[in-house]
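Residue numbers (my numbering), protein chains in the order written: chain A, 173 to 462; chain B, 7 to 283.
Every residue gets a Cβ at the ideal spot worked out from N, C-alpha and C, and that includes glycine.
Bear in mind that the values here come from a model prediction, so they are computed numbers and not experimental data.
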Ligand SMILES: Nc1nc2c(ncn2[C@@H]2O[C@H](COP(=O)(O)OP(=O)(O)OP(=O)(O)O)[C@@H](O)[C@H]2O)c(=O)[nH]1
Ligand SMILES: Nc1nc2c(ncn2[C@@H]2O[C@H](COP(=O)(O)OP(=O)(O)OP(=O)(O)O)[C@@H](O)[C@H]2O)c(=O)[nH]1
Ligand SMILES: [Mg+2]
Ligand SMILES: [Mg+2]
């Protein structure tokens, strides 16, 4: 892992005597490699490594007795700071509060909707799941099964546009005392103008307090482009990272946070409906460093 | 992309960025660039256009010749489909069923995902769309039992092709990988030489983790081909180069959309050209 590689780098360098700035370069090369192997975006790695260089030189790593540890600490601290800076607070201040989930195909939106519904219900609120995916075969059925598994009602309409469903759901929730709406949308490509416009229209109707971009933790270099597109069109309020129960290093988390500047609010660690946790930037930092 | 440019360190850095951004991976990228530099020196290459052509040639060589999903010599031809969660297994099976159906083949689909909400209902819709028959049990039943029933049905009904859907699972979950091995054993016990094909479905948006997925799934179920899905997006799926290099595992098909027609044969040359477009 990176800690061991840096240890080796500095051990070899120290044999020659005093460390120089050029030696810090060698350490930074190892940092860069580790981040790229962890799927952090190429450009993000560049700017991040520059941050580390500035601090490493400024904090006199060259004079340190344990330069490897010092560099690791700087990298870990910078990663944690970059991905942190916010609590997993859900804005449920309105009644009804609206949470909208968007993202690429297969990211985990429908499953995450169920998890959010469960935890919101456990907080004493009365959530309503809204089935706005009218395209994927059995998508509505999937949300209905998930809803019944967590004891939360699902609102759906056959053969209607998502905007019509959203409006009807809003009316239904007001008439029946639901105070949180969780909107599941169809997976889509950020380059599909028509479907992205559908989300823009949906947002306009719902005015959601939370608009979460749901992203798969194993996403590679393209995470940045996708997240940026979704954010540009929709001004998301946060990110939910899924499938963290695998062994993907999850560098996409850093890339997305860096480029989009919105908080990663939740982390999903499994398929079961109780596996949603608040996002921990420090744990993510360790994971990315491998 | 390199038109009109001359050889320089900047040029090779630009190429490095293109390759890494395509999820080819740092290790593979450095190897490719090193070989490229050696060839450029040896062949006295001076222009950017020439470098690009050589690079494409090097990468196409790594991917090898085009390999298709070939019909098995015996019937029923059993195809098992595996992969991590949400990559496009069920949808790919629907597309395959439609393609075989159009060729006049009698296709049976097995709803081997007995875990995820509405998994069988989803496959049922694809079966209807592609005019294939469906074998399914209740949610929560044993997937190996579904596989067993499907295999018996394929034999009894003289089906040409049986495609077995499985639940998405992360390769790190040992018990779930054991379940997959059990499903495969049931199939091979009931039909000689089956499953003739085990396809790993890989999402083109996946980064370096794709190599881990390929390693573990191949070891567990003898995967012999990859379907690379969601290439209609902006991800390039470059990890398949490392997968071919280290595991000799070829991509045979690509998914280019959510519609029933959106399945194409994998062409290494087209793939490499797309990396630079
Ligand atoms: N291992 C694991 N699987 C997950 C996680 N979250 C979701 N899944 C699985 O990922 C697959 C896709 O989940 P869905 O909820 O259907 O994803 P989606 O974004 O709604 O998909 P589309 O609607 O088709 O875009 C399913 O098999 C889920 O069970 C997670 O945190 N860990
Ligand atoms: N754009 C695009 N979407 C695809 C492609 N293949 C599948 N999808 C979509 O990806 C999502 C997941 O597809 P599924 O077929 O349910 O994936 P799966 O691997 O069976 O998922 P699990 O069974 O939950 O593990 C759906 O929204 C599909 O429509 C493709 O080639 N391109
Ligand atoms: Mg969904
Ligand atoms: Mg499936």
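query: Can you find at least 3 beta carbon pairs, one from the region 235-253 of chain B and one from the region 75-86 of chain B, that sit closer than 8 Å?; result: no
query: According to DSSP, is residue 166(B) part of a helix, a strand, or is it coil?; result: coil
query: Under 9 Å, Cβ to Cβ, is there at least one residue of chain A near residue 242(B)?; result: yes
query: Below 8 Å, is the gap between the Cβ of residue 440(A) and the nearest heavy atom of ligand 1?; result: yes
query: Of the residues 185(A), 408(A), 212(A), 210(A), which one's Cα is nearest the Cα of residue 199(A)?; result: 185(A)
query: Of the choices 292(A), 300(A), 291(A), 308(A), whose alpha-carbon is the least far from that of residue 131(B)?; result: 308(A)
query: Hey, would you say the C-beta of residue 269(A) is under 8 Å away from at least one heavy atom of ligand 1?; result: no
query: Is residue 335(A) helix, strand or coil when you go by DSSP?; result: helix
query: On the DSSP bridge assignment, give the partners of residue 438(A) in chain order.; result: 412(A), 450(A)
query: Buried or exposed for residue 195(B), going by 16 or more other Cβ atoms inside 10 Å?; result: exposed
query: What alpha helix (DSSP H) runs, 4 residues minimum, are completely inside the region 289-323 of chain A?; result: 311-322
query: The alpha helix (DSSP H) spanning residue 388(A) covers which residue range?; result: Where residue 388(A) is concerned, there is no enclosing alpha helix (DSSP H), although the beta strand (DSSP E) it sits in stretches over 382-388.
query: Could you have a look at residue 206(B) and say whether DSSP puts it in helix, strand or coil?; result: strand
query: Return no unless some Cβ of chain A is closer than 9 Å to the Cβ of residue 234(B).; result: no
query: Could you tell me how far apart the beta carbons of residue 335(A) and residue 272(A) are, in whole angstroms, since I believe they sit closer than 8 Å?; result: Not confirmed; about 12 Å, so no contact.
query: From residue 156(A) to residue 191(A), what does the alpha carbon distance come to, in whole angstroms?; result: There is simply no residue 156(A) to check, as chain A begins at 173 and stops at 462 in what is shown.
query: Under DSSP, the beta strand (DSSP E) around residue 259(B) begins and ends at which residues?; result: 257-261
query: Under 9 Å between beta-carbons, which chain B residues line up against residue 303(A)? List them in chain order, please.; result: Neighbours of residue 303(A) on chain B: none; closest Cβ ~11 Å, over 9 Å.
query: Compute every distance between the C-beta of residue 174(B) and the non-hydrogen atoms of ligand 2, then say whether any falls below 8 Å.; result: yes
query: Taking all protein chains shown into account, decide if residue 197(A) is buried (16 or more other Cβ within 10 angstroms of its Cβ) or exposed.; result: exposed
query: Beta carbon of residue 249(B), beta carbon of residue 208(B): below 9 Å?; result: yes
query: Residues of chain A with CB closer than 8 Å to the CB of residue 32(B), please, in chain order.; result: 205, 208, 209
query: Alpha carbon to alpha carbon, how far is residue 232(A) from residue 224(A)?; result: 12 Å
query: Please say whether residue 172(B) and residue 258(B) have beta carbons closer to each other than 9 Å?; result: no
query: What do you reckon, is the C-beta of residue 205(A) under 8 Å from a heavy atom of ligand 2?; result: no
query: Do residue 212(B) and residue 417(A) have their CB atoms nearer than 9 Å?; result: no
query: Since residue 326(A) sits in a beta bridge, which residues does DSSP pair it with?; result: 301(A)
query: Just mark residue 314(A) as buried or exposed, buried being the case when its beta carbon has 16 or more other beta carbons within 10 Å.; result: buried
query: In the DSSP assignment, the beta strand (DSSP E) including residue 235(B) goes from what residue to what residue?; result: 231-235
query: At 8 Å on the CB atoms, spell out the chain A contacts of residue 3(B), in chain order.; result: Nothing in the structure corresponds to residue 3(B), since chain B is present only between 7 and 283.
query: Provide the residue(s) that pair with residue 357(A) in DSSP beta bridges, ordered along the chain.; result: 304(A)
query: Mind reading off the beta-carbon distance from residue 385(A) to residue 257(A)? Whole number of angstroms is fine, and I expect it under 8 Å.; result: In fact, because the Cβ distance is near 17 Å, the residues do not count as touching under 8 Å.
query: Let's see if you can read the secondary structure: which residues bound the beta strand (DSSP E) around residue 271(A)?; result: 269-274
query: Which same chain residues, not among the five before or five after residue 193(B), have their C-beta less than 8 Å away from its C-beta?; result: 84, 86, 153, 157, 170, 200, 201
query: According to the Cβ coordinates, are residue 461(A) and residue 175(A) closer than 9 Å?; result: yes
query: Run through chain A and tell me which residues come within less than 8 Å of residue 94(B), C-beta to C-beta.; result: 277, 278
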